[in-house]
Amino acid sequence: MTFTSRYRPLTPSGRGARITDRRLTDLSVQEIRDLVDEYQWLAFQENPVTADEVVDCLGRLGRLVENDRRQGAVLKLDGSRKDEVLLGEGFMPLHRDGALMGMNVALVGIYCAQHQDVTGGRTFISDIESATREVPREYLDLIRERGIEGRPVDRYYTKAADTWHRIPGFLDVEGKSYLNAGFPYRPGEKPSWLVRIPGVDDARAQAIFEEMRSVLMNERYCYYHEWREGDLLLLDNRRTLHGREAFRGRRALANIQVMAA
Numbered sequence: 043m044t045f046t047s048r049y050r051p052l053t054p055s056g057r058g059a060r061i062t063d064r065r066l067t068d069l070s071v072q073e074i075r076d077l078v079d080e081y082q083w084l085a086f087q088e089n090p091v092t093a094d095e096v097v098d099c100l101g102r103l104g105r106l107v108e109n110d111r112r113q114g115a116v117l118k119l120d121g122s123r124k125d126e127v128l129l130g131e132g133f134m135p136l137h138r139d140g141a142l143m144g145m146n147v148a149l150v151g152i153y154c155a156q157h158q159d160v161t162g163g164r165t166f167i168s169d170i171e172s173a174t175r176e177v178p179r180e181y182l183d184l185i186r187e188r189g190i191e192g193r194p195v196d197r198y199y200t201k202a203a204d205t206w207h208r209i210p211g212f213l214d215v216e217g218k219s220y221l222n223a224g225f226p227y228r229p230g231e232k233p234s235w236l237v238r239i240p241g242v243d244d245a246r247a248q249a250i251f252e253e254m255r256s257v258l259m260n261e262r263y264c265y266y267h268e269w270r271e272g273d274l275l276l277l278d279n280r281r282t283l284h285g286r287e288a289f290r291g292r293r294a295l296a297n298i299q300v301m302a303a
C-alpha cells in the first residue's frame, strides 16, 4: 500500500484522508484504489484539477455511469432546479448513490466547479462500518430481514414514482456487510425520495431511523466537508453513506459515478 502513512484520518474512527500534497491525476490507478480501501473517502484540496481530468481519471477505474440525466458522465448539481431537491438546494439525508436506481455504484467523485457567496451545503460522509456497532442490534436485524422500500419524488430517478421499490437493507462487499439504507426525510423537509420499512408503521420506522441517524452522523464517525472551488471528494460508495446540507448561493458540483466490476 502506498502513501497511507502520510495522512491523518478525518474522523476519530480512523476514516477519511485530506490530501494536499498530490493531485488525483498524480496517482496511479492502484494508488487510488489502495488509498480508498484504507480510508474509504479522500478529500483532495489545494491542488485543483478540472472536471474533465476527474472524468478521465475515474474512467480508468471502471465503467462510468452515463444516462439521459447526465452530460456524458457528469451530473451537474448547481441548485438550478428549484422544484426539486437533488438538483436544487435542499437537504439530502444519508444515502448510497444508485440504490434507488438499482445500480451497484462502487465509487463516487464529487468535484466543486463553482462556490461563490454560499451558505450551508456541507457534504457529510459516514463511516458506517464503525458506527453501526453502536446501533441497537434489533434495528439492524430488522432492516437486514425486511430491507427498506423507496419511492422517488424528484424527476431525476428512472424508477416509477407511483411504486415502492425494494432495496436490500445491507450490501455485501468482500466478505463484509454494510448498511445500505437510504434514510427518510424528517417531517417538514422537502423530500427527494420517500422511505419505509415494510411491515413497520411510519411512526416506529421514523423513530428507528432517527436513533440510527444520531449515531451515524455523530462526529466520531461522520466527516463534514466545507467546500471550496477545486475541491474533490472521492468516496467508496458501498462502504459509506453520504448526504448534504441545504445551501444557498452560487454553487456547482459535478457528480461522477464508477460502477462496480
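In the working numbering, the protein residues as written are 43 to 303. Each residue gets a CB set at the ideal place from its N, CA and C atoms; glycine is no exception.
- For the 8 Å CB-CB criterion, residue 78 and residue 278 form a contact.
- Taking all protein chains shown into account, residue 205 has fewer than 16 neighbouring C-beta atoms within 10 Å of its C-beta and is therefore exposed.
- Nearest C-alpha to residue 67 among 102, 224, 132, 116: 102.
- Bounds of any alpha helix (DSSP H) do not take in residue 191; it lies within the beta strand (DSSP E) bounded by 190-194.
- In the structure shown, residue 84 adopts extended strand secondary structure according to DSSP, grouped into three states.
- Here residue 120 really is in contact with residue 294; their C-beta atoms are around 4 Å apart, less than 8 Å.
- Taking the C-beta atoms as reference points, residue 283 is found nearer than 8 Å to residue 168.
- Ranked by how close their Cα comes to the Cα of residue 298, the residues 214, 126, 114 have 114 in first place.
- The beta carbons of residue 154 and residue 269 sit closer together than 8 Å.
- When rounded, the separation of the alpha-carbon atoms in residue 150 and residue 243 is 33 Å.
- Under the three-state reduction of DSSP, residue 172 is assigned to helix.
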